[in-house]
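Chemist: Let me begin by handing over the structure; questions about it come next.
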Amino acid sequence: MAVALAVIAAGATGWIVWDRTGSDEVRNGKAFGEDGASATIGMTAVRKGEDVWYLCPSIANLSDAPLTLESVTPAHNSPGLESVDARVYRPADFHAGLPLTWGSSSGTSANPGLVPSRPVQDTVLGPGQEMDDVIYLHLRVTTDRRPLESNGVAVEYRQKGKRYRQVLPNTFRLG
């Protein structure tokens, strides 16, 4: 989309045109809905240096066009909570069921780090498609201070040649 602006300054007239058609600008997205429910999940007894995982809110493409996920990250972490990665998992690979959260002091049962996974990038969702697999966000605790929070899940995706970012409401709290 080209935008033209006429400029008049000190008796001179000029013009400028911004062409944003090829821009790689990230726009605010709406493909996952606008008024999603919010959840708060948490863990206690997590120590400095531990890794923790939490289940990302369910992702469904509510738009009428396919989209390709580029990244899923926490929108905002408290200082002392470091983002490591986000990966896609098949629910069937968690034989005891999907844990909402998991920490490295929880033992090996249901450890997302030991379950087959794939990168989020290049996951395609068709129009109206809900993601059958799940995404876990992996964080590292780097402080003894509490509480710590990760607020919102930022999903970046491509659709119709443009990049979008949408923050899903969610809170992960370490007490």
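In the numbering used here, the protein residues as written are 84 to 258. For every residue, glycine included, the Cβ atom is placed at its ideal position computed from N, Cα and C. Nothing here was measured: the structure is a model prediction, and the numbers come from that model.
So for L197, helix, strand or coil by DSSP?
Modeler: Residue 197 sits at position 114 when you count from the first residue of the sequence shown. Helix, per DSSP.
Chemist: Could you work out which residue in Y137, F255, L257, K243 is closest to W185 when comparing CA atoms only?
Modeler: For the purposes of this step, residue 185 is taken as the residue at position 102 of the sequence shown. Out of Y137, F255, L257, K243, Y137 has the C-alpha closest to the C-alpha of W185.
Chemist: Would you mind reading off the limits of the beta strand (DSSP E) that contains L150?
Modeler: Stepping through the sequence shown from its first residue, residue 150 is reached at position 67. Element bounds for L150: 150–160.
Chemist: Do V224 and E133 have their C-beta atoms within less than 8 Å of each other?
Modeler: Working through the sequence shown from its first residue, we reach residue 224 at position 141. Working through the sequence shown from its first residue, we reach residue 133 at position 50. Yes.
Chemist: Exposed or buried, which one is S146 when buried takes at least 16 other CB atoms within 10 Å?
Modeler: The residue given as residue 146 occupies position 63 in the sequence shown. So S146 counts as buried.
Chemist: By the three-class DSSP mapping on this structure, what secondary structure does A114 have?
Modeler: Translated into positions along the sequence shown, residue 114 becomes position 31. A114: coil per DSSP, three-state reduction.
Chemist: Can you check whether the CB of V217 is closer than 8 Å to the CB of G235?
Modeler: On the sequence shown, residue 235 is found 152 positions in, with the first residue counted as 1. On the sequence shown, residue 217 is found 134 positions in, with the first residue counted as 1. Going by C-beta atoms, G235 is not nearer than 8 Å to V217.
Chemist: What residues are listed by DSSP as bridge partners for T184?
Modeler: Against the sequence shown, residue 184 aligns to sequence position 101. Per DSSP, Y137.
Chemist: Express the C-alpha separation of V155 and S200 in angstroms, rounding to a whole number.
Modeler: Mapped onto the sequence shown, residue 200 falls at position 117. Mapped onto the sequence shown, residue 155 falls at position 72. Cα to Cα, S200 sits roughly 14 Å from V155.
Chemist: Hey, could you find the ends of the beta strand (DSSP E) S166 is sitting in?
Modeler: Position 83 of the sequence shown, counting from 1, holds the residue named residue 166. Note, S166: beta strand (DSSP E), 164–172.
Chemist: What is the rounded straight-line gap between the Cα of D215 and the Cα of L231?
Modeler: For this step, residue 215 is matched to residue 132 along the sequence shown. For this step, residue 231 is matched to residue 148 along the sequence shown. Going by the C-alpha atoms only, they are around 30 Å apart.
Chemist: Let me know if L183 comes out buried or exposed under the rule of 16 or more other beta-carbons within 10 Å of its beta-carbon.
Modeler: Looking up residue 183 in the sequence shown gives position 100. Classification for L183: exposed.
Chemist: Using the Cα positions of D227 and Y219, report the straight-line distance between them to the nearest angstrom.
Modeler: Here residue 227 corresponds to residue number 144 of the sequence shown, with the count starting at 1. Here residue 219 corresponds to residue number 136 of the sequence shown, with the count starting at 1. Looking at the two C-alpha atoms, the distance is approximately 23 Å.
Chemist: State the start and end residues of the unbroken beta strand (DSSP E) segment that holds P210.
Modeler: Against the sequence shown, residue 210 aligns to sequence position 127. Element bounds for P210: n/a, residue is neither H nor E.
Chemist: Please state the DSSP three-state secondary structure of S189.
Modeler: Along the sequence shown, one-based indexing puts residue 189 at 106. S189 falls in the helix class under three-state DSSP.
Chemist: Return the chain-ordered list of same chain residues with a C-beta closer than 8 Å to the C-beta of R246, the five sequence neighbours on each side being excluded.
Modeler: Taking the first residue of the sequence shown as position 1, residue 246 is located at position 163. Cβ within range, chain order: D107, E108, V109, R110, E153, E239, Y240.
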